[in-house]
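Quick mapping for you: the protein sequence lines, in order, are chains U and C. Quick note on the numbering used here: the first sequence kicks off at 1 and runs consecutively. Quick note on the numbering used here: the second sequence kicks off at 1001 and runs consecutively. Note that beta-carbon positions come from the ideal geometry of N, C-alpha and C, so glycine has one too. Okay, so here's the structure we're looking at.
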Amino acid sequence: MTAEHTVDVLLDDTLLTLNRAVGVLRRRNLAVERLTLRPCGPTGVSRMTFVLNTDAATADRVVQQFHKIVGVRAVEVTTVQNHTPEEQP
Amino acid sequence: MTETVSGAHILCRTLVEAGVDVLFGYPGGAIMPFYHALPEYPSLRHILVRHEQAAAHAADGYARASGRVGVCVATSGPGATNLVTGLATAHMDSSPVVAITGQVSRPMIGRDAFQETDIVGITLPITKQNYLVQDAAELADVVRDALAVAQAGRPGPVLIDIPKDVQNQKVGFVPSVGAQHAAPLPTASDDTIRRAADLIAAAKRPLMMVGHGVILGNAYAEVRALAEKTGMPVITTLLGISAFPEGHPLHLGMPGMHGEVHVNRAIQRADLIVGIGLRFDDRVTGNLAAFAPHAKVVHIDLDRSEIGRNVPTAVGIVGDARAVTRVLVAATAARNCDAWRAEIDGCRRPQDASFRGGMSPEAILAAIRDATAGNCTIVTDVGQHQMWVAKLFPYRRPNTHITSGGLGTMGFAVPAAMGVHLARPGEPVWAISGDGGFQMNMAEMATMVQEGLTVKLAVFNNGYLGMVRQWQQFFHGKRYSSTPIWSPDYVKLAEAYGIPGYRVQDAGELTDAVGRANADPGPALVEFVIEQEANVYPMIPPGGSLSEPIEAAV
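As structure tokens, then:
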């Protein structure tokens, strides 16, 4: 069953790390609904947030691949079932 | 103490610091400052290859045989792009390779300068990490980091791209004071170990499947202890071959597309699979939906992303194969699997006729085994000969079978064997190729002669790209489209390179030719003229179930 998975990735703020991170999504041809990038906390760390509309297994596999990227510090997923309203906190 | 030196010298010094003793490379414009500095570091032996692809494969072979990082060097542009196949091979097979490439000078980057290519961009998906060094002041840290990343956890290739002006840039350099500390490997929780042990105790038809992780993790003794304590039969994947003794009564063989019938039947009947350091790839599992339908899976792997990736896992244990297996042995009660082993033995088939008799793969491999007293390292290419070697060669020592598994790179064997030789000087190394794969990188014979590398070259010549021809026979109505392949006279070719060449057309000549080639002081080539249309049996059709093999007609 598909659901909205919001994935938060804390990663080194270098172009190569960001490029690798986006490459994970590109290689799997995943439909990314939103993608934001902003500075976060300590200098040199960014927070990349994206929303995937996919099944739980695919989302989990993406998260595992992010864990492998050198320079990724943390990955967190929030899942919202599609039948629930978008206005969840 | 800080000295002021150029980036090129920093590169050399950090490599020496890390204990690197051999580089495989090819010079060119953008890497010339490095090559200018290199002669001042006699402990860095440079092997001049004939094509950069060979440098990457040789570094890979060196890494697999030594357990240490293999290093290759190329210039920018075409030099760098020629490394790509080798890096992808190392990436798929988790091999610690560091590639160093020259880049055009910083002010030229992005201008389509002569021999400029975005090698960092090109290699992003096939490296574990890569760097474009923007300042020589970063270089020492980058090289140290690259060497560490390549080996840390699940190994893999790393690329360092260094602009020419950074190689010439002079900055302060502080020698490293001590070895870098490797990050601790994850350890298994008591709970997961206990659950795995419980499953092993309760299973009626348990199996072990072991892969490359056992070799990378040096977990041979632990894996053997687990097998012997529990009586579980052991299956070795293509890259797991030689991780468990071939002649051991618990050893079953290789699974998957060309696995023996009894091995695949065992998987299909098993109620438990304990997988150690393998990734259940599609050549192993066949149709995933039909794979091991009765089995619960305990999966031990260093890479957490592999757990549950291809097969559902009852217990996933993230950790080093050696450490986890050792704990699992202690937690597991002794048992036997005699009834189950007898059931598997009942599925054994007589060996396929194409393996027997005259110039059969079995006879050729027996001659190599006898000539080397079974103590050689075999490096295989990709195709039919690779499967014959995987199924038939009686490996006695761990990590003596080296092949391109994941990427399936034809042309791998000859250059990779050069790296294996340098990692294990004094030990016999045989590179076995088909006539197709051999012709891809046969120019490396010149490297062997120039650098004095004792590699024995075996060419299985059937006049076809045999594995593709086999697929055409089975699945494409025997339309042998572009698979007949002409070969030069290999004996004369060897002679042209100044090395002995032997042609064997009759089984009666095997012992003599192989023995002489093996005894020759330097490289030697033996061409084996084999049956043209022999097939590798059994075969699971691509996407098929392990339960439905194509078998040789009796």
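Name, going along the chain, the residues of the segment 1139-1152 of chain C whose beta-carbon falls closer than 8 angstroms to a beta-carbon of chain U. V1149
Comparing the C-beta of Q1125 of chain C with each C-beta of chain U, is any distance below 8 angstroms? Residue 1125 of chain C sits at position 125 when you count from the first residue of the second sequence. The question names Gln, but residue 1125 of chain C in the sequence shown is Pro. Yes - at least one Cβ of chain U is within 8 angstroms of the one on P1125 of chain C.
Assuming V1414 of chain C and S1433 of chain C make a contact with CB atoms under 8 angstroms, what is their CB distance in whole Å? What you label residue 1414 of chain C is simply residue 414 of the second sequence in a count that begins at 1. What you label residue 1433 of chain C is simply residue 433 of the second sequence in a count that begins at 1. So it is a contact: roughly 6 angstroms between Cβ atoms.
Take the Cβ of P1033 of chain C as the centre, count every other Cβ of all protein chains shown within 10 Å, and call the residue buried at 16 or more, exposed below. As a working note, residue 1033 of chain C is residue 33 in the second sequence. The residue in question, P1033 of chain C, is buried, as its Cβ has 16 or more Cβ neighbours within 10 Å.
What separation, rounded to the nearest whole angstrom, lies between the Cα atoms of A1373 of chain C and L1365 of chain C? Here residue 1373 of chain C is taken as the residue at index 373 of the second sequence, counted from 1. Here residue 1365 of chain C is taken as the residue at index 365 of the second sequence, counted from 1. The alpha-carbon atoms of A1373 of chain C and L1365 of chain C are separated by roughly 12 angstroms.
Residues that DSSP places opposite Y1131 of chain C in a beta bridge: For the purposes of this step, residue 1131 of chain C is identified with residue 131 of the second sequence, where counting begins at 1. Y1131 of chain C pairs with C:I1160.
Runs of beta strand (DSSP E) wholly within the segment 1211-1262 of chain C (minimum 3 residues, chain order): 1234-1236 and 1251-1253
Are the Cβ atoms of V62 of chain U and V22 of chain U separated by less than 8 angstroms? Working through the first sequence from its first residue, we reach residue 62 of chain U at position 62. Working through the first sequence from its first residue, we reach residue 22 of chain U at position 22. No, Cβ-Cβ distance for V62 of chain U and V22 of chain U is not below 8 angstroms.
Local conformation of P1275 of chain C per DSSP, three classes: One-based indexing of the second sequence puts residue 1275 of chain C at position 275. First, the residue type needs correcting, since residue 1275 of chain C is Gly and not Pro in the sequence shown. Three-state DSSP puts G1275 of chain C in a strand.
Can you check which of these residues, C:A1417, C:L1392, C:V1526 and C:F1438, is closest to P1428 of chain C by C-alpha distance? For the purposes of this step, residue 1428 of chain C is taken as the residue at position 428 of the second sequence. Among C:A1417, C:L1392, C:V1526 and C:F1438, the Cα nearest to that of P1428 of chain C is on C:A1417.
Let me make sure I understand the geometry here. Which of C:A1063, C:Q1384, C:A1099 and C:P1027 has the alpha-carbon closest to that of Q1470 of chain C? In the second sequence, counting from the first residue as 1, residue 1470 of chain C sits at position 470. The shortest C-alpha separation from Q1470 of chain C is found at C:Q1384.
In whole angstroms, what separates the C-alpha of P1186 of chain C from that of L1328 of chain C? Within the second sequence, the letter at position 186 stands for residue 1186 of chain C. Within the second sequence, the letter at position 328 stands for residue 1328 of chain C. Distance between the alpha carbons of P1186 of chain C and L1328 of chain C is about 15 angstroms.
Using a Cβ cut-off of 8 angstroms (strictly closer), state whether R28 of chain U contacts chain C. Numbered from 1 along the first sequence, position 28 holds the residue referred to as residue 28 of chain U. It does not; no Cβ of chain C falls within 8 angstroms.
Short-range partners of chain C found in the segment 56-77 of chain U, where Cβ spacing is below 7 angstroms: R61, Q64, Q65, H67, K68 and V70
Are the C-beta of Q1134 of chain C and some C-beta of chain U separated by less than 8 angstroms? Residue 1134 of chain C sits at position 134 when you count from the first residue of the second sequence. So, not an interface residue.
Identify the continuous alpha helix (DSSP H) that holds C1337 of chain C and give its terminal residues. Position 337 of the second sequence, counting from 1, holds the residue named residue 1337 of chain C. Run containing C1337 of chain C: none; DSSP gives neither H nor E here.
By the criterion of Cβ-Cβ separation under 7 angstroms, what are the contact partners of R20 of chain U in chain C? Counted from its first residue, the first sequence places residue 20 of chain U at position 20. By Cβ distance, chain C contributes L1124.
For N29 of chain U, which option in U:G71, U:A74 and U:L52 has the closest C-alpha, if you only look at C-alpha atoms? Indexing the first sequence from 1 puts residue 29 of chain U at position 29. For the residues U:G71, U:A74 and U:L52, the minimum Cα distance to N29 of chain U belongs to U:L52.
Under the three-state reduction of DSSP, which class applies to C1072 of chain C: helix, strand or coil? Counting from 1 along the second sequence, the entry for residue 1072 of chain C is found at position 72. Here C1072 of chain C sits in strand by DSSP.
Fully enclosed by the segment 1141-1208 of chain C, which beta strand (DSSP E) runs are 3 residues long or longer? 1158-1163 and 1170-1173
Tell me the DSSP secondary structure of H1036 of chain C in three-state form. On the second sequence, residue 1036 of chain C is found 36 positions in, with the first residue counted as 1. In the structure shown, H1036 of chain C sits in a helix (DSSP, three-state: H, G or I).
Considering only C-alpha positions, which residue in the set C:C1012, C:V1022 and C:A1059 is nearest to E1040 of chain C? In the second sequence, counting from the first residue as 1, residue 1040 of chain C sits at position 40. Taking only the C-alpha atoms, the option nearest E1040 of chain C is C:C1012.
Give me the chain U residues within the contact set of Q1129 of chain C, using Cβ-Cβ distance strictly less than 7 angstroms, ordered along the chain. Numbered from its first residue, the second sequence carries residue 1129 of chain C at position 129. Those within 7 angstroms of Q1129 of chain C in chain U are V70.
Count Cβ pairs between the segment 1341-1355 of chain C and the segment 1528-1539 of chain C that sit closer than 8 angstroms; are there 3 or more? yes
When you compare the CB positions of V1420 of chain C and F1528 of chain C, do they come within less than 8 angstroms of one another, or not? Position 420 of the second sequence, counted from the first residue, corresponds to residue 1420 of chain C. Position 528 of the second sequence, counted from the first residue, corresponds to residue 1528 of chain C. Not in contact: V1420 of chain C and F1528 of chain C (Cβ atoms no closer than 8 angstroms).
In chain order, what residues of the same chain lie with their CB nearer than 7 angstroms to the CB of R1195 of chain C, ignoring the 5 residues before and after it? In the second sequence, the residue the question calls residue 1195 of chain C occupies position 195. Here the set comprises V1315.
Just mark D1060 of chain C as buried or exposed, buried being the case when its beta carbon has 16 or more other beta carbons within 10 Å. Numbered from its first residue, the second sequence carries residue 1060 of chain C at position 60. It counts as buried.
Could you tell me which of C:K1391, C:A1517, C:A1008 and C:G1544 sits nearest to E1246 of chain C, measuring between CA atoms? For this step, residue 1246 of chain C is matched to residue 246 along the second sequence. Measuring from the Cα of E1246 of chain C, the nearest candidate turns out to be C:K1391.
I'd like to know if the segment 1432-1451 of chain C and the segment 1081-1094 of chain C are in contact, where contact means that at least 3 CB-CB pairs between them fall below 8 angstroms. no
Report all residues from its chain with a CB closer than 7 angstroms to the CB of G1140 of chain C; omit the five preceding and five following residues, and keep chain order. Here residue 1140 of chain C refers to the residue found at position 140 when the second sequence is read from its first residue. The sequence given here has Ala at residue 1140 of chain C, not Gly. Only I1010, T1014 and F1173 meet the Cβ criterion.
Give me the Cα-Cα distance between H1555 of chain C and V1171 of chain C, rounded to the nearest whole angstrom. Absent from the model: residue 1555 of chain C. The displayed extent of chain C is 1001 to 1554, so no value can be given.
Secondary structure, alpha helix (DSSP H): runs of 4+ residues fully inside the segment 1405-1493 of chain C: 1413-1423, 1435-1441, 1444-1451 and 1466-1475
Near T17 of chain U, which residues of its chain fall below 6 angstroms by C-beta distance, leaving aside the five closest residues on each side in sequence? Translated into positions along the first sequence, residue 17 of chain U becomes position 17. Once the five neighbours on either side are set aside, the close Cβ partners of T17 of chain U are L11 and G71.
What three-state label does DSSP hand H1009 of chain C in the structure shown? For the purposes of this step, residue 1009 of chain C is identified with residue 9 of the second sequence, where counting begins at 1. The answer is helix: DSSP assigns H1009 of chain C an H, G or I state.
CB contact flag (A1290 of chain C, S1545 of chain C, <8 angstroms): Residue 1290 of chain C sits at position 290 when you count from the first residue of the second sequence. Residue 1545 of chain C sits at position 545 when you count from the first residue of the second sequence. Cβ distance < 8 angstroms, so A1290 of chain C and S1545 of chain C count as in contact.
Which stretch, first to last residue, makes up the beta strand (DSSP E) that contains L1023 of chain C? For this step, residue 1023 of chain C is matched to residue 23 along the second sequence. Run containing L1023 of chain C: V1022 to G1025, per the beta strand (DSSP E) assignment.
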